Each structure stands twice: as C-alpha cells, then as structure tokens.
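Top to bottom, those sequences are chains A and B. The opening position of the first sequence corresponds to residue 2 in the working numbering, with each subsequent residue numbered one higher. The opening position of the second sequence corresponds to residue 2 in the working numbering, with each subsequent residue numbered one higher. For each residue, glycine too, the CB sits at the ideal point set by N, CA and C. Bear in mind the structure is a predicted one, so any value in this text is a computation, not a measurement. Have a look at the structure below, then the notes.
2 protein chains.
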Amino acid sequence: MKKITAEILTIGDEILYGQILDTNAQWMSYELDQLGIKVVRKTTVGDNEEDILTAFAEAEDRADLVLITGGLGPTNDDLTMPTLAKYFGSDIILDEHVLAHVKDFFEKRGREFTELNRRQALVPELAEVIHNSLGTAPCTWYERDGKVFVSMPGVPHEMKNLMKESVIPKIRNFFNTPVIYHRVIKTVGIGESFLADKIKDWEDSLPSHVALAYLPSIGHVKLRLTAVSDNREILKQDVQLLIDQLMPLAEKYIYGYDNTSLEEAVGQMLIEEKKTIAFAESCSGGFIQHKMTTIPGSSAYFQGGLVPYHNQFKIDLLGVKTETLEKHGAVSEECVIEMAERVREKFNADIGAASSGIAGPDGGSDEKPVGTVWIAYADGKKTIAKKLQLTQNRILNIELTEISVLNLVRKSLKA
Amino acid sequence: MKKITAEILTIGDEILYGQILDTNAQWMSYELDQLGIKVVRKTTVGDNEEDILTAFAEAEDRADLVLITGGLGPTNDDLTMPTLAKYFGSDIILDEHVLAHVKDFFEKRGREFTELNRRQALVPELAEVIHNSLGTAPCTWYERDGKVFVSMPGVPHEMKNLMKESVIPKIRNFFNTPVIYHRVIKTVGIGESFLADKIKDWEDSLPSHVALAYLPSIGHVKLRLTAVSDNREILKQDVQLLIDQLMPLAEKYIYGYDNTSLEEAVGQMLIEEKKTIAFAESCSGGFIQHKMTTIPGSSAYFQGGLVPYHNQFKIDLLGVKTETLEKHGAVSEECVIEMAERVREKFNADIGAASSGIAGPDGGSDEKPVGTVWIAYADGKKTIAKKLQLTQNRILNIELTEISVLNLVRKSLKA
C-alpha cells in the first residue's frame, strides 16, 4: 500500500526570525508517524501572502496532507485565513457559531470583546470549521482532489487538543489509515550499543510487522516498537508477547513505558511499597528533589531533604563525622554513605539517598578529577554506594547524577 | 540597500519524523537576524537524495545564503556530502587534512579508527573545507553566482562553534553586511504591557537607526535594542546612551544584559557584596537551589539549604514554631518568615530566603487556592515577605516561585 504523505507548514515571522522555538512541528510529525503517515517535509514561512501562497502550492504538489499552524490572530499581520480563502478561490463569510464562541470566551474571562476580535469569526466559505474549545482562533479543514489541508492555531495546547479530539480522527477516517500500534519501553543505566548487544537475538527474531527503533537521550535509551496491521487488539497482544520475551534479557534496565518518567516510576514504586524517601544532595544541588517534586502527589512519599553544599553543614546539620571528612574528603564512599544514612534518620524516612561529587568546571584534582561523583542508597537494612566517572560539563554532570541516584533507588527497591 | 536573504535547511529523517526537536534552526535564524540577514524560509527534508536536490534548487532560487545542517555522519544513510557534490557537479576527493584530523580525533579518545570513519574525509573538490575542531564531520562552503551554501554538522555544539568561529565572519565578509549592534536588556517582575507603558516616552524617542523588540518569556521580559550603521564603536555609544536614559524609568526591573541569567546576576551581586545565602524551600522543592548551583563557582556564596516538604521537618529541622503552623498553617506569612530567618541561622548565612505554597494540582482550598505562594527574605536586619497568586499549573508555579524568590533577593540586595 502506498504510504500517505504529509507536509507540516508553520507560518509566522516570530518562528522564522528565531524568536520562538517551533515545538509544534516536532509534536505533529511524531503523531503523524504514529498514524503511519510519512512526513516528507517541514516548512516555515513568514507572514507574507506571496510566500504563503507559494508554500501552499508546493505542499499540495508534494503531499496528500498539509497541516498548517500559525498566523490566525486577529491582527493585520495574521494572514493565514485570507490567504487560504484566496488559494482555494473561496469567499470569506462570518461564521455565527464561531462568533458566538468568541464572544462567550471573552465574556467568561471578563475581557472586553472588540471589533478586532470579531475578525476571528471570518472563515473561508468552503472550509469545514472545527470547533476550538480552548481558544478563539477556529480550526479549518479543506479537501480538494483527494488531498487535505488543515489550518490550526499556533498556540501549542490549542493545537494539540484539536489534533487529538478532532483532526487525527478525521485524518484516519479520510485516508483510511491502517492501524498502527506503538509501545515505548524506557530503559536507564545502559548505553545504546550495550543494550543492542544484550537484546540482539530478540531483535533479530522480531516478526516482519513489528519494527524496533532505538531512541537515546541523556542517561536513557528508549526502545520503540511499532506494529502495523488492521486489528488493534491483536497488535496489542503481539507487542505484549514480545515485551514478555524481552524481559529476561533487559528487565533490570526497564523502568517504564510510553510517557512515564524515571521520577514518576520511582514515585510509583514508593507508593506501591508504602515507603518514604529523603535526599542529601551535594553536587546535584537540589536537582533530585526538584525532579521528584515535579510529580503531582509526591508529598505522599517525599519527606524532604538537605543540600549541605559546604562540608561544615554535612557535619553540623546532617551528622557526618568530622573524621570521615578529614580522612576521606567529601567526595568519598565513606562520606556519601554517611550522608545517605543520616538524611534517612533526620527525615524519618524509609530510604535515604545522597550525592557528593565534583561537578566542575573547577575543583578537580589528579586523584579526583572533574566528573568524579559518589552516590549512595540506605534503607536501614542495607547501604549501597557507587562511584561514577562523568563528564567535564557541569550541567550534564548534575543531570547524570540525578538519573544515577534515582536509578540506584529503583534498582534497590526492585532487589 | 537590499536585504540579504537566507534559507535554513535541515536534513535528517530523525527531525522529519519528530524524534528530535530541531533547535539548530532557531539558533541560526536568530544569529542571521542579528547580522541583518532576512531568513525567508526554513525547510526540513529527510535522508533522500531526490528530496535534498529539490530542496537545494528551491533554496538557491529563493535565497542568497543557504545554511545546511545534518546528514554528515559516516553511514550510508547520510547523504548531504555526496548530494552537494552532485548538485554542484563536483568530483569527490579525499581531504588529507580532514583525514589526519579524524584519525587524531579518534586516537585522542582511545577509540578505534575504522574504514567507515575514513568516509568523513571525502569532500566535494570545489568546496572550501572549514575545520571542525569539535567533531569529525567537516564543514564545507560553496559559492556560485554570488550565492553561498554552507554545510555544517547537526550536532548543536559543533554547529554553534563553527558558526561563531568561522561561518559568521565569512558571511559578513562575503556579503559585506552592515554593522549591526544588539544589546538585550533583561527585566523581571513586570509584565510586558506594564513595562511598555512605563517606558513609552523613551520608546517613542528612539532614533530611527535603533529598533526595540519586546521578547517575553516565563516571568521575564527582554528588551532588545538593534542598531544599524557602519561604525560599531559609535553604535555601542549610541545604545549605551539610550540605556542610560532608560534607567530612571525601569532600573528596578533590570537585572542584566545579553545572556546573563537571573541566578547569575544574583550570584554576581552576592560576590560583589561578599554575602552568603541559604534557602528553605517547600513548594519549590529544591528548584531554587538547583538553579543557583548550575552556576560555576556558586559555592563561593551558596551555603546550602533545606527542603522541609512536610510540616514536621519545618519544626524539627528548621526550627519553625509549632504554634505558628497550628495557628496560621504552612502557607502563611508567619511561617515563611520563620523559614527564611531560621535557614539563615542554620546555614550561618548572611541571607536566608524561603518559599511555602500550594503548587497543585491538589491541596487548594477556598481560602488558599492552588497557586497561593508565600516567599520571604531575611538578612538579620530586615525581613520581607510577599504573597504570590500564581497559576493552576504545578510546573509553572514551581518556576514562577523560583524567579520570584530570586527577584526578591535581588531587589533586597539593591535596596
């Protein structure tokens, strides 16, 4: 079957001149990929009628589906709607439904409705209008010779809501796309090539309707399984069976699926085991606690923590022994173990975890170069410490320490 | 004078399919804008020879300058270099300088040099090769009929280094671009429209060769002054004079210039005043301490801090009075003041600062809805507390609390 092709077109001077990062195009192309639609090009043009018309014609020539965002505001420099009308040779009409929605939208927020806002209800007559419940700029849908144009607002949460609620279902229906089932397996604590080596036999045995992609990012590798056929339930079963087969090979690295983050996965484990946690962070400077507390409801298991950035506070506030620091220094197995054990006691937690290292760029020595980090876990029964040799980059070292500490907690909870 | 136009072309399936966010294109277009070059289009195509050739031809037709990134790896799916050779009708040769560099690069990192890596030294004969000191993929420069193509690696830090060190100077020289001088003034603690109102008279009086742009982001508004003429020193003086005139109107909101971050600015003030600081964070969960410790050398002024996420630890570890929590609750002026004063004492710091609030999505009440946050500053002589009414979004509330606390410290240090 010939693959449906798509082009993503972003309209707006603020994107073209680099004032805004275009995150919409990435999100949309990922979603289209999940539908089995092949994105063949991404284009950005400015708020200029001629450039927009050229881009429309080129896109229609290249692709079956054109997804457009931006240029839908009420001011004169927003040209997408009148240019779509011109391109499709359509009159512009005032849509009473949109007008009522815009008026209502302003009223509910106690904002004044002006003549300028009325423009938001002007749409090409031949367009199908799709209701935008989260904003005032309407979404419009155009069909010509088996091809589809969709125009959406550039505000990310409005666009995403429209895509999920209306546009994707309509695309599936119009193009009669095959069923594609994706499952992302998230791993931590192993590099891409080592993981590939471990799961080679499993990868080689994958059936032809299931594809595997390695998606590495800082400290993590995601495995994406993509299965295509015409029955979603069977696909789900197929993929689950493959994951079951993968487990004996890679279970210790897998912390979750799809959009689960490491801090969410650790939080979920703590909830299931009814355990609480506290952190003593030196080189990671509060970043572990920050990540943990981004998760709603984390107060159920996160007790709190300390950032004793100077040695004196490791002694005074945490209770690390003076002798330990004098004999071994702060970046040592002995110190980080005491930090984890003491913070556990101080915060009356089931688990204590700690970091101490040299984030850089200064502070390294021959014996302990920049990137030397000790981390530890303590739960009252066992204490585990681990040495990391990280990078020359301060920010990266902070991130990798956070991931390593949470992974140490995860593995210890699992053990 | 006619403006030089540019197109930015990104090559790679991983960008097209949404697996990677393209941050390079934004960075490059911002830099070109700073040079006074008008970006007329951004394009992304996949690893496909025909699509790349089409994109080259379209770009050459539209723009004077074409900046290309990506597709320069050593594997078969990386097509940029052979396709450039084909497009410009050039033979491919082995560049001995590049080969020596690649071999040296691998040797220094203790990695094996393979036949595959040798491919990185294959370049079109008519290209001018620009040395990439940070990686193995060479940068190449092409001229034809007064137009320029530049091909760069997609790895962001390699591309940025090449642009700054070599490509931008070559572009300035080739196109004889006018001198453009930019100065970004960074403000915090005031919304865009309020700031615009305060500085209206100053804005109206700007000379014609200086343009002003408002660039808002979360919690901040940047003012960018862009001045164009043919003498850089005079421009610098002109812009400094305008900033001097702006000061009486907006001084209290200005924390820095160009790339200075708020945490850097506060750190610099602490160094200058020889003062140290500690934080007690409840709702911000360690994020303030994280931001402070991203700055190299922050151990000179950052003593450390506490995240007493549960009330008991505000009492036991920080020394907040039980009565305060019983009578006023944790999210109160009384509690946050004690937190700031106590953390200052505990960490033997000149300054203590604190946050306590309801980040959400749960935990709100009629009296104290989600987004209610108290922050405080204490320096032994004075204590200042402030109530914030933020949003329904947990992550945004954490970020806005961090910015507000650092801004409170900044303003108090200035006072």
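H311/B touches chain A at which residues, Cβ-Cβ below 8 Å?
In the second sequence, residue 311/B corresponds to position 310, counting from 1. Near H311/B (Cβ distances below 8 Å), the residues of chain A are S300, Q304 and G305.
Grouping DSSP H, G and I as helix and E and B as strand, with all else coil, what is I338/B?
Residue mapping note: residue 338/B aligns to position 337 of the second sequence, counting from 1. I338/B: helix per DSSP, three-state reduction.
Could you tell me which chain A residues have their CB closer than 7 Å to the CB of K276/B, listed as they occur along the chain?
To locate residue 276/B, count along the second sequence from 1; it is residue 275. Annotation: K276/B has no Cβ neighbours in chain A at a cutoff of 7 Å; minimum Cβ distance is about 15 Å.
Considering Cα atoms alone, identify which of S356/A, T373/A and H98/A is closest to P362/A.
Indexing the first sequence from 1 puts residue 362/A at position 361. Comparing Cα positions, the closest option is T373/A.
Would you identify the three-state DSSP class for K322/B, choosing helix, strand or coil?
In the second sequence, residue 322/B corresponds to position 321, counting from 1. Coil at K322/B, not helix or strand.
Leaving out the 5 sequence neighbours to the left and right, which residues in its chain are closer than 7 Å to P217/B when beta-carbon positions are compared?
Position 216 of the second sequence, counted from the first residue, corresponds to residue 217/B. Excluding positions up to five away in sequence, the list reads E193.
Can you have a look at Q241/B and say buried or exposed, based on whether 16 or more other CB atoms are within 10 angstroms of its CB?
Here residue 241/B is taken as the residue at index 240 of the second sequence, counted from 1. So Q241/B counts as exposed.
If you follow the alpha helix (DSSP H) that Y88/A is in, where does it begin and where does it stop?
Within the first sequence, numbered from 1, the residue matching residue 88/A stands at position 87. Looking at the DSSP string, the run of the alpha helix (DSSP H) that includes Y88/A is T81 to Y88.
Between the beta-carbon of T141/B and the beta-carbon of V130/B, is there less than 8 Å?
For this step, residue 141/B is matched to residue 140 along the second sequence. For this step, residue 130/B is matched to residue 129 along the second sequence. Going by C-beta atoms, T141/B is nearer than 8 Å to V130/B.
For T115/A and L135/A, I'd like the C-alpha separation in whole angstroms.
One-based indexing of the first sequence puts residue 115/A at position 114. One-based indexing of the first sequence puts residue 135/A at position 134. C-alpha separation (whole angstroms): 19 Å.
Using a Cβ cut-off of 7 Å, pull out every chain B residue sitting near L318/A, in sequence order please.
As a first step, residue 318/A is located in the first sequence; it is residue number 317 there, counting from the start. Near L318/A (Cβ distances below 7 Å), the residues of chain B are K347.
Would I200/B be called buried (16 or more neighbouring beta carbons within 10 Å of its own) or exposed?
As a first step, residue 200/B is located in the second sequence; it is residue number 199 there, counting from the start. Buried: at least 16 other Cβ atoms inside 10 Å.
Could you tell me the alpha carbon to alpha carbon distance between L409/B and Q393/B, rounded to whole angstroms?
Numbered from 1 along the second sequence, position 408 holds the residue referred to as residue 409/B. Numbered from 1 along the second sequence, position 392 holds the residue referred to as residue 393/B. So the alpha carbons of these two residues sit roughly 22 Å apart.
Rounding to the nearest angstrom, what Cα-Cα distance links T384/B and V406/A in this structure?
Residue numbering aside, residue 384/B sits at position 383 when the second sequence is read from its first letter. Residue numbering aside, residue 406/A sits at position 405 when the first sequence is read from its first letter. Going from the Cα of T384/B to the Cα of V406/A covers about 36 Å.
Can you give the Cα-Cα distance for E403/B and A64/A, rounded to whole angstroms?
For the purposes of this step, residue 403/B is taken as residue 402 along the second sequence, with counting starting at 1. For the purposes of this step, residue 64/A is taken as residue 63 along the first sequence, with counting starting at 1. Going by the C-alpha atoms only, they are around 46 Å apart.
Counting Cβ pairs, one atom from each stretch, are 3 or more of them under 8 Å apart for the segment 76-95 of chain A and the segment 49-56 of chain A?
yes
For a contact defined as C-beta to C-beta under 7 Å, what are the partners of S30/B on chain A?
By 1-based counting over the second sequence, the position of residue 30/B is 29. Near S30/B (Cβ distances below 7 Å), the residues of chain A are L17, Y18 and G19.
Buried or exposed, going by whether 16 or more other CB atoms sit within 10 Å of the CB of E32/B?
Within the second sequence, residue 32/B is the residue found at index 31, counting from 1. Buried.
In angstroms with no decimal places, state the Cα-to-Cα distance between L95/A and N118/A.
Translated into positions along the first sequence, residue 95/A becomes position 94. Translated into positions along the first sequence, residue 118/A becomes position 117. Rounded to the nearest angstrom, the two C-alpha atoms are 12 Å apart.
Per DSSP, which residues does W375/B bridge with? Please list them.
To locate residue 375/B, count along the second sequence from 1; it is residue 374. Note: W375/B sits in a beta bridge opposite S357/B and K388/B.
Any Cβ of chain A within less than 8 Å of the Cβ of T188/B?
In the second sequence, residue 188/B corresponds to position 187, counting from 1. No - not a single Cβ of chain A is within 8 Å of the one on T188/B.
Kindly indicate which residue of K161/A, V180/A and K223/A has the alpha-carbon position closest to the one of V189/A.
For this step, residue 189/A is matched to residue 188 along the first sequence. With distances taken between Cα atoms, V189/A lies closest to K223/A.
On the CB-based measure, 16 or more other CB atoms within 10 Å of its CB, does R112/B come out buried or exposed?
By one-based count along the second sequence, residue 112/B stands at place 111. R112/B should be labelled exposed.
For chain A, find out if any of its Cβ atoms is closer than 8 Å to the Cβ of Q109/B; answer yes or no.
Within the second sequence, numbered from 1, the residue matching residue 109/B stands at position 108. A small fix is needed here, since residue 109/B is Lys in this sequence, not Gln. For K109/B, the answer is no, since every Cβ of chain A falls outside 8 Å of its Cβ.
I'd like to confirm the pairing. Which residues does DSSP put opposite S152/B in its beta bridges?
Start at 1 with the first residue of the second sequence, and residue 152/B comes out as number 151. Residue pairing of S152/B in beta bridges, as defined by DSSP: I69/B and T141/B.
What residue range does the beta strand (DSSP E) around R42/B cover?
As a position in the second sequence, residue 42/B is number 41, starting the count at 1. First-last of the beta strand (DSSP E) with R42/B: K39 to V46.
Report the three-state DSSP secondary structure of G190/A (helix, strand or coil).
Translated into the one-based positions of the first sequence, residue 190/A becomes position 189. Looking at G190/A - three-state DSSP - the assignment turns out to be coil, as it is neither helix nor strand.
Please look up how many angstroms separate the CB atoms of G287/B and P309/A, rounded, as I've assumed it's under 8 Å.
Taking the second sequence and counting its residues from 1, the one referred to as residue 287/B is at position 286. Taking the first sequence and counting its residues from 1, the one referred to as residue 309/A is at position 308. Incorrect: roughly 13 Å between the Cβ atoms, too far for contact.
Please determine, among E59/A, A212/A and Q290/A, the residue with the shortest C-alpha to C-alpha distance to V41/A.
The residue given as residue 41/A occupies position 40 in the first sequence. The shortest C-alpha separation from V41/A is found at E59/A.
Could you give the DSSP three-state label for F280/A: helix, strand or coil?
Counted from its first residue, the first sequence places residue 280/A at position 279. Correct three-state label for F280/A: strand.
With 8 Å as the threshold, decide whether the Cβ of Q269/B is near any Cβ in chain A.
Residue mapping note: residue 269/B aligns to position 268 of the second sequence, counting from 1. It does not; no Cβ of chain A falls within 8 Å.
Does the distance from the C-beta atom of K426/B to that of W28/B stay below 8 Å?
This structure gives no information on residue 426/B, because the portion of chain B shown stretches from 2 to 416.
Just how far apart, CA to CA, sit K276/B and Q313/A?
Sequence index remark: in the second sequence, residue 276/B carries index 275 (1-based). Sequence index remark: in the first sequence, residue 313/A carries index 312 (1-based). For K276/B and Q313/A, the distance between alpha carbons rounds to 17 Å.
Under 8 Å between the Cβ atoms of V267/B and R411/B?
Within the second sequence, residue 267/B is the residue found at index 266, counting from 1. Within the second sequence, residue 411/B is the residue found at index 410, counting from 1. Going by C-beta atoms, V267/B is nearer than 8 Å to R411/B.
If the cut is a Cβ gap below 9 Å, which residues of chain B does T44/A touch?
Numbered from 1 along the first sequence, position 43 holds the residue referred to as residue 44/A. Within chain B, the residues near T44/A are R42, K43, T44 and T45.
Using a beta-carbon distance cut-off of less than 9 Å, what residues from the segment 370-397 of chain A approach chain B?
R395 and I396
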